[in-house]
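Worksheet: one structure, shown below.
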Amino acid sequence: MRVVLLRNDDGDHSLDAAMRQAAEDFTAMPSPADEVAYFQLSGGTTGTPKLIPRTHNDYYYSVRRSNEICGFNEETRFLCAIPAAHNYAMSSPGALGVFLAKGTVVLATDPSATLCFPLIEKHQINATALVPPAVSLWLQAIQEWGGNAPLASLRLLQVGGARLSATLAARIPAEIGCQLQQVFGMAEGLVNYTRLDDSPERIINTQGRPMCPDDEVWVADADGIHCRRARLVV
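Here the UniProt record's numbering is used: the first residue of the sequence shown is 1, the next is one more, and so on.
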């Protein structure tokens, strides 16, 4: 790390000033795959903002493997209605997955049904990702508006970012009219999905399993000791 640029005029370096300055004698160089590609933002579990380094190869694997699990391809028309810079919206499979698959991304400024339902109908969206509170709003809108006709093209609704109650999960196939896929991930790298061919019981009641066969999830006690398997398995 040589220089940190902030988007303000205070301090020694200004991002705005740097963007206005023309590049001189710039030569693009290959980036080693195991070097840091960028820093992802996170503050979820501890409440403390963190910068998480992600390398080119690990992030590319995450996007590529997510596409395989979620079935994204050139026919995918994805509505991004949650913050686009969030790891969930960016790589699970998110916008990067759609771009890799040569599909189409449509951006929405918010996840409200008032905005998203017309976008889904207009652009024939077939996949999108939401957080549980937005799912509640969509279900409420369907009840109030008397149907889900604008969502006829939708095939896959991913839900992540927080635990989705089984009650809400069970309503999605019947009322929204599409496949539910639950997602549990973290910007550090671990991502879990329910699979498209999982049983309804597993899709409704779990947030899936790791996408990578090499991932190992286990529980440690206060001393960092691996707890033995018991009745409750995480």
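In this text, a Cβ means the ideal position worked out from N, Cα and C, and glycines have one as well. As the structure is a prediction and not an experimental result, all values here were calculated from the model.
When burial is assigned at 16 or more other CB atoms within 10 Å of the CB, is residue i buried or exposed?
i      : result
GLN140 : exposed
HIS226 : exposed
PHE39  : exposed
THR48  : exposed
PRO111 : buried
ASN73  : exposed
GLN124 : exposed
THR167 : exposed
ALA149 : exposed
VAL217 : exposed
PRO93  : buried
LEU107 : exposed
PHE26  : exposed
ARG229 : exposed
SER66  : buried
THR128 : buried
GLY185 : buried
LEU15  : exposed
LEU164 : buried
TRP145 : exposed
Since residue i sits in a beta bridge, which residues does DSSP pair it with?
i      : result
CYS80  : LEU107 and ALA129
LEU180 : LEU157
SER112 : Paired residue(s): none; SER112 is not in a bridge.
Rank the options by C-alpha distance to the C-alpha of residue i and give the top, closest one.
i      : options                           : result
GLU175 : GLN143, ILE203, LEU196 and LEU107 : GLN143
HIS56  : LEU137, SER91, ASN148 and ILE125  : SER91
GLY147 : LYS50, PHE117 and ILE69           : PHE117
LEU96  : CYS80, ASP110 and PHE184          : CYS80
CYS212 : GLU201, ARG195, VAL191 and SER199 : VAL191
PRO83  : LEU157, LEU130, ASN205 and ALA152 : LEU130
VAL105 : LEU115, THR114, ILE120 and ALA113 : ILE120
PRO53  : GLU24, ASN87, ARG64 and ILE69     : ASN87
GLY177 : ALA169, VAL183 and PHE184         : ALA169
THR76  : GLY103, ALA222 and GLY161         : GLY103
VAL203 : VAL219, ASP223 and LEU157         : Looking at the sequence provided, one finds Ile at residue 203 rather than Val. Comparing Cα positions, the closest option is LEU157.
PRO210 : ASP197, TYR193, GLU201 and SER165 : TYR193
GLN207 : GLY160, GLY224 and ASP215         : GLY160
ALA37  : ALA22, ARG195, PHE78 and TYR61    : TYR61
CYS70  : LYS50, ALA85 and ALA101           : ALA101
VAL63  : SER31, ALA220, ALA222 and ALA187  : ALA187
ALA89  : VAL183, MET19, ASP214 and ASN205  : VAL183
ASP197 : GLN179, ASN205 and ASP214         : GLN179
SER199 : GLN181, VAL219 and VAL98          : GLN181
SER42  : ALA85, PRO133, TRP145 and ASN205  : ALA85
Legend entry - Every unbroken beta strand (DSSP E) within the stretch 151-175, with a cutoff of 3 residues, ordered by chain: 156-159
Legend entry - beta strand (DSSP E) segments (min. 3 residues) lying fully within the stretch 183-228: 191-193
Inset, instruction - Pick out the complete alpha helix (DSSP H) segments inside the stretch 32-98, 4 residues or longer, and give them in chain order. - result: Runs found: 56-70 and 87-91.
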